[in-house]
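Just so we're aligned, residue 511 is where the sequence shown starts under the numbering used here, counting upward by one. Below is one structure, written out as structure tokens; the observations come after it.
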Amino acid sequence: MKNMLIGKPMRFFFFAAGLVIWLGIYLTGFNTASWVLYLPAVFFIFAAVTGICPGIILSKKLFKDES
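What follows is the structure, given as structure tokens:
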């Protein structure tokens with residue numbers, strides 16, 4: 511599992527992108543924004559906090575990347 515963790519620059523990118531999405535949801539209105547927009551916002555913050563990115567893990571398994 512250690513090789514599945516993402517590095518600090520990628521974590522910062524996910525954190526910043528997640529914050530921008532949450533800011534957009536806030537400015538649009540929580541009742542107005544579609545529930546689909548919450549998915550990447552939650553996953554980006556999750557990846558930034560834990561260092562585990564489900565999207566990267568899935569793509570590595572799909573394309574058989576061993577690095």
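The beta-carbon is built from N, C-alpha and C at its ideal position, and this holds for glycine as well. These figures come from a predicted structure and were not determined experimentally.
Start-to-end residues for the alpha helix (DSSP H) that takes in residue i
i	result
ALA504	Absent from the structure is residue 504, since the part of the chain shown begins at 511 and ends at 577.
GLY528	518-538
LYS571	564-572
Residue i versus residue j: straight-line alpha-carbon distance, rounded
i	j	result
GLY539	LEU533	10 angstroms
VAL552	GLY528	7 angstroms
VAL559	LEU568	19 angstroms
ALA557	SER544	21 angstroms
ILE535	PRO550	12 angstroms
Beta-carbon separation (whole angstroms), residue i vs residue j, contact threshold 8 angstroms
i	j	result
ILE562	MET514	7 angstroms
Of the residues the options, the one placed nearest residue i, counting alpha carbons only
i	options	result
TRP524	LYS570, GLY565 and ILE535	Checking the sequence, you will find Phe at residue 524 rather than Trp. The option with the nearest alpha carbon to PHE524 is GLY565.
Own chain, CB closer than 8 angstroms to residue i, minus 5 neighbours either side, in chain order
i	result
TYR548	ILE535
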